[in-house]
Each structure stands twice: as C-alpha cells, then as structure tokens.
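Peer 1:
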Amino acid sequence: MEGDQRLEFPVLPGFNSPSKYCLNEALICNDALLQHLAFLDLSHLSSTNMARRQEVFSLSQPGGHPYTWRAIASTCLQQVDMLVTKVHIANAAKLASVPLQQHPEKIFHTTVSDDELLKDVLKTSSQKPSLLSRVRAILMTKPVLSYFLMELPDAKSRQLFATCQIPIWAIEALSHLAAASYREDKYGVVQQSLPTIITSLVTLHDNVEKYFKLQPPALRRYGRETPVAPRLLLSQQLRETLKTSIYRLTDTFSSHLGIQS
517 MEGDQRLEFP VLPGFNSPSK YCLNEALICN DALLQHLAFL DLSHLSSTNM
567 ARRQEVFSLS QPGGHPYTWR AIASTCLQQV DMLVTKVHIA NAAKLASVPL
617 QQHPEKIFHT TVSDDELLKD VLKTSSQKPS LLSRVRAILM TKPVLSYFLM
667 ELPDAKSRQL FATCQIPIWA IEALSHLAAA SYREDKYGVV QQSLPTIITS
717 LVTLHDNVEK YFKLQPPALR RYGRETPVAP RLLLSQQLRE TLKTSIYRLT
767 DTFSSHLGIQ S
C-alpha cells in the first residue's frame, strides 16, 4: 500500500537475518505493532514479490514439508474465522433484539409531564436500576440533552469493525497467494488448502453482507450522508476486499470449480 511504512521480515529463518522474527513468527507475536507490520508485509509480498512467494511455497529441507505455507495459511485463516464469529454473534444479537424494539416507545412518547415523572421516580427510589433508567428517560425528552445521551446510529458498526485491518490483510494475502500458486506453486502445497480458503472467505462475506442488510434504513442513510470515518472506512474496505478476493479465486480456478466463464 502506498504511503505505508513497511518492515520486511524474512520468510524463512536464517542465521544472517537482521530481524529477530521470521515472518510466520511475527504474525503470531504478542507485540501488536510488530504483528500489524508482519501482516502488512505479508499482504505486500503476496501481491508483488514472486521471489518471496516462492519461499512461502517452498518445502523444508530435509523432510520436504510445506511448514512455511501451513503456518502462514493457518494464521490467516484464524483471523478470518475470528471475524466470522464476531459478525455472526452481532447478527444473532440483532435478530434477537427485533421484538424488543417497541418497548422504549412507551417511555419516549408518554404524555405525562416531567414533574409527574420525577415525583414517580422519587416514590420508587428504592429500585436503583429503575431510578437511573427513568431519570435518563426524562432527560431524553429534552432535544439538546438527548443528543449527548443517545448512541450514534453507526456506533455498533464502528466498534465491530474497528480492529479488522489485520483480517483485511490476511484475506488479501490468502487470495493473492492462492491465485499465484496456480502458476508458481510447483509442489502443490496450496492445493489442499484451497477449499478451506474459499469456504472461509465466502462464509465471512455472507455474514458481513447479512450484517449490513439487518441495519435499519435510517442507519444506511446516515452512513451515506455523513463523512466517512476511518473505522467506517474499514468496514467498506473489508466488503470490497472480500468481493475482490473471492472473484480473484473463482476467476483463477474457474475451470476446476466447474464455473463457466
């Protein structure tokens, strides 16, 4: 990516490497910054550097095992699967909350005066949760105060996709490496992983699209009418990356997947 400061990690471990970690070690390290730089490097090499891709596809000596590819693919798939779980849980919570959306209207559309509500609150002061919620309900009837108390329409979307930059790089890496393997993987190390990669990306794509379809029309209008924030931009980037990556794989392996061009 242009403008990004990249740190290049050795794909294969070596005694003369200036880096403390090789790439697959940095991808799973506990240092968040180093992990971000490792996924950025992986995304870059997967799309631009054939020589380093060859190292990813190489076999161990002695033994002839694809340890490097297995480690990198496993780490990337884990990132995808964790995001699938998060989005799936958000979808389930959204569906479960639909019947309960009518209840708050009884509070906000009441015709009882503020003074009467406050007197009622004082009478029931022994119920602490009710006290707080009723006071908040009164304040919500005041336009100026309610603006500061209400949750922004896209707050949950921002929170859900706030940390999806690493999964985006993981998706790009899996897609580019798998597509490049069609011509460059002379040992066939990627072949066994291909069904799992495609299934994981399609599953995430379906869950993400379902999430946005479950959002109310007001939120969709809000998203179109407000400036794009970095966290909201990540959700859009995730959707585009998924679509592009799935298309890249289906286009590359169309004859093997039974897809008519």
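Take 517 as the starting number for the sequence shown in our numbering and just add one per residue. Cβ coordinates follow ideal geometry from the N, Cα and C atoms, glycine included. These numbers were taken from a predicted model, which means no experiment stands behind them.
(1) Let me make sure I understand the geometry here. Which of Gln681, Phe769, Leu730, Leu539 has the alpha-carbon closest to that of Arg586?
(2) Closer than 8 Å by C-beta to Leu758: which residues in its own chain qualify, once you throw out the five before and the five after it? Chain order, please.
(3) Check Ile544 in the structure and name its three-state DSSP category.
(4) Measuring only the C-alpha atoms, how far is Gln753 from Trp685?
(5) Report, in whole angstroms, the separation of the C-beta atoms of Tyr703 and Leu575, which I expect to be a contact under 8 Å.
(6) Is it right to say Arg522 is buried, meaning 16 or more other beta carbons lie within 10 angstroms of its own, or is it exposed?
(7) So Leu730 and Lys610 are in contact, right, with Cβ under 8 Å, and what is the actual spacing, rounded?
(8) Can the beta-carbon of Tyr537 be found closer than 8 Å to that of Phe525?
(9) Around the C-beta of Gln699, are 16 or more other C-beta atoms found within 10 angstroms, so that it is buried, or is it exposed?
(10) Three-state secondary structure (DSSP) at Leu773?
(11) Rounding to the nearest angstrom, what Cα-Cα distance links Thr679 and Ser673 in this structure?
(12) Measuring straight from C-alpha to C-alpha, what distance separates Leu616 and Gln675?
Peer 2: According to the structure shown:
(1) In terms of Cα proximity to Arg586, the closest of Gln681, Phe769, Leu730, Leu539 is Leu539.
(2) Correct list, in chain order: Ile687, Leu717, Leu720, His721, Val724.
(3) In the structure shown, Ile544 sits in coil (DSSP, three-state: anything other than H, G, I, E or B).
(4) Approximately 11 Å between the Cα atoms of the pair.
(5) The beta-carbon distance between Tyr703 and Leu575, rounded to whole angstroms, is 6 Å. This is short enough to meet the 8 Å contact definition.
(6) By the 10 Å Cβ count, Arg522 comes out exposed.
(7) Contact flag correct, Cβ pair sits at about 5 Å.
(8) Yes.
(9) According to the sequence as given, residue 699 is Arg; it is not Gln. Per the 10 Å Cβ criterion, exposed.
(10) DSSP places Leu773 in helix when its eight states are reduced to three.
(11) Cα to Cα, Thr679 sits roughly 11 Å from Ser673.
(12) Confidence is the limiting factor: at Leu616 the pLDDT is only 48, short of 50, which leaves the residue's position unreliable, though a coordinate-based value still follows. Computed Cα separation, rounded: 22 Å.
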